[in-house]
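**Student:** One structure, pasted below without further comment.
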């Protein structure tokens, strides 16, 4: 698993706090900056799921910013000094809380949190341990590492609905003036997620099989748990590895052949090499199963959302189970 680069974070934090101190008199939080124009609630999010859930709740009533750049790898992100200032100046900071957010604790421990609310996705639902399943490659130091909880809670639509509902309550408490709008927006988005959830259940119920193969990282534990799917994959969800061993390729190839799997999945922003290798050996297709860690810049600009990405997954799963 990725370890935080503490020295880098310490330097970034020291630089950010020094700059923030110099800018106090010019902050958008000051009464002078707000005079004549009420300041909107400021929400800062670490990754795309956090960002999408927040923006769907607030609509036009608040400002939402995502720290992770579209197209960037979420597990290697570390905040810049300007990112730290952005966090320091926000009203609500939304983060996942898992391995990819290890830097958050160090940053928050050095901040004044008296004006800021925190919302951690992993605190909203029941979590499970990250699992090393049959055939999956472990990290080199996994034998010495402590057990980690799987952070990819949003991949279960059921969890996503709970997260959106709880997030709306927090945002409404911070901005009571627009509470009804936030609750209305949340209810509308939850209904859309529920529709996707129902579609997944129908696809699984009508499918010929209950197994999927992900020739990539596997951030779908909560997804598979909700829909009763078994799986084989190359790496754990937060693995830093991208080059599989020949043994892993052979294992997944054999599983495709033994189980008659028609589709091999890869995840977003992947190099797809392993999926291509397995597909070439077996004659099956490769398809994207989106984990919604992040989106490409073009998807971001076109307005991709958790719901739209999951709707694509409904189509992909139907192909894989039949």
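In this note's numbering, the protein residues as written are 49 to 370. In this text, a Cβ means the ideal position worked out from N, Cα and C, and glycines have one as well.
1) Just reading off the alpha helix (DSSP H) that residue 263 is part of, what are its end residues?
2) Strictly by DSSP, which residues pair up with residue 168?
3) Please list, in chain order, all residues of the same chain as residue 361 whose beta carbon is under 7 Å from its beta carbon, the five residues on each side excluded.
4) If you run the structure through DSSP and keep just helix, strand and coil, what is residue 322?
5) Would the segment 193–205 count as touching the segment 147–156 if we require 3 or more Cβ pairs under 8 Å?
6) Would you decide whether residue 185 is buried or exposed? Buried here means 16 or more other CB atoms lie within 10 Å of its CB.
7) Taking residue 90 as the reference, give the member of 98, 111, 96 and 228 with the closest Cα.
8) Report the residue ranges of all alpha helix (DSSP H) runs contained in full by the segment 95–160; include only those spanning at least 4 residues, in chain order.
9) Taking the DSSP output, what are the residues bridged to residue 284?
10) DSSP state of residue 311, grouped into three classes?
11) Measure the beta-carbon distance from residue 218 to residue 169 and round it to whole angstroms, keeping in mind my assumption that it falls under 8 Å.
12) With residue 209 as the anchor, note down where its alpha helix (DSSP H) starts and where it stops.
13) Could you tell me the boundaries of the alpha helix (DSSP H) in which residue 184 lies?
14) Suppose the cutoff is 6 Å on Cβ atoms and the five residues either side in sequence are ignored; what does the same chain contact list for residue 119 look like?
15) Roughly how far, in whole angstroms, is the beta-carbon of residue 249 from the beta-carbon of residue 96, given that I think they are within contact range, below 8 Å?
16) Cβ atoms of residue 152 and residue 98: under 8 Å apart, would you say?
17) Which residue's Cα is closest to the Cα of residue 270: 207, 293, 214 and 252?
18) Taking only the alpha-carbon atoms, compute the straight-line gap between residue 86 and residue 139 and give it to the nearest angstrom.
19) Locate the alpha helix (DSSP H) running through residue 197, then write down its first and last residues.
20) Can you list, in chain order, the residues of its chain with a C-beta nearer than 7 Å to that of residue 70? Leave out the 5 residues immediately preceding and following it.
21) Considering only the beta carbon of each residue, do residue 367 and residue 307 sit closer than 8 Å?
22) The alpha helix (DSSP H) spanning residue 232 covers which residue range?
23) Please name the residue in 326, 108 and 311 whose C-alpha comes closest to that of residue 293.
**Tutor:** Let's see:
1) On the chain shown, residue 263 is found 215 positions in, with the first residue counted as 1. Residue 263 -> not in any alpha helix (DSSP H); beta strand (DSSP E) instead, spanning 259–266.
2) Start at 1 with the first residue of the chain shown, and residue 168 comes out as number 120. The secondary-structure analysis by DSSP pairs residue 168 across a beta bridge with 143.
3) Translated into the one-based positions of the chain shown, residue 361 becomes position 313. Here the set comprises 337 and 338.
4) Translated into positions along the chain shown, residue 322 becomes position 274. Here residue 322 sits in helix by DSSP.
5) The answer is yes - the segment 147–156 touches the segment 193–205, with three or more Cβ pairs under 8 Å.
6) As a position in the chain shown, residue 185 is number 137, starting the count at 1. Flag for residue 185 reads buried.
7) Indexing the chain shown from 1 puts residue 90 at position 42. Minimum Cα distance to residue 90 is reached at 111.
8) Within the segment 95–160, the complete alpha helix (DSSP H) segments at least 4 residues long are 96–106, 129–136 and 150–156, listed from N- to C-terminus.
9) Here residue 284 corresponds to residue number 236 of the chain shown, with the count starting at 1. 266.
10) Residue numbering aside, residue 311 sits at position 263 when the chain shown is read from its first letter. DSSP, reduced to helix, strand and coil, places residue 311 within a strand of the structure shown.
11) Your numbering for residue 218 matches position 170 in the chain shown. Your numbering for residue 169 matches position 121 in the chain shown. That belief does not hold up - the Cβ atoms of residue 218 and residue 169 are roughly 12 Å apart, past 8 Å.
12) What you label residue 209 is simply residue 161 of the chain shown in a count that begins at 1. Membership of residue 209 in the alpha helix (DSSP H) is indicated by the continuous run 205–222.
13) The count along the chain shown starts at 1 and reaches residue 184 at position 136. From DSSP, residue 184 is part of no alpha helix (DSSP H); its letter is neither H nor E.
14) Counting from one through the chain shown, the residue named residue 119 turns up at place 71. Same-chain partners within the cutoff: 344 and 345.
15) If you number the chain shown from 1, residue 249 lands on position 201. If you number the chain shown from 1, residue 96 lands on position 48. Between residue 96 and residue 249 the Cβ distance is about 24 Å, and since that is not below 8 Å, they are no contact.
16) Numbered from its first residue, the chain shown carries residue 98 at position 50. Numbered from its first residue, the chain shown carries residue 152 at position 104. The Cβ atoms of residue 98 and residue 152 lie no closer than 8 Å to each other.
17) Locating residue 270 in the chain shown gives position 222, counting from the first residue. Considering only 207, 293, 214 and 252, the residue with the shortest C-alpha distance to residue 270 is 207.
18) Working through the chain shown from its first residue, we reach residue 86 at position 38. Working through the chain shown from its first residue, we reach residue 139 at position 91. Our two residues, residue 86 and residue 139, have alpha carbons roughly 14 Å apart in a direct line.
19) By one-based count along the chain shown, residue 197 stands at place 149. Going by DSSP, residue 197 is part of no alpha helix (DSSP H) at all; its letter is neither H nor E.
20) Here the question's residue 70 lines up with position 22 in the chain shown. Its pLDDT being 40, under 50, residue 70 is placed unreliably in this model, and the value from its coordinates should be taken loosely. Contacts found: none.
21) Within the chain shown, numbered from 1, the residue matching residue 367 stands at position 319. Within the chain shown, numbered from 1, the residue matching residue 307 stands at position 259. No, these two residues do not count as a Cβ contact at 8 Å.
22) Working through the chain shown from its first residue, we reach residue 232 at position 184. That run of the alpha helix (DSSP H) goes 227–254.
23) Looking up residue 293 in the chain shown gives position 245. When each option's Cα is compared against that of residue 293, the closest is 326.
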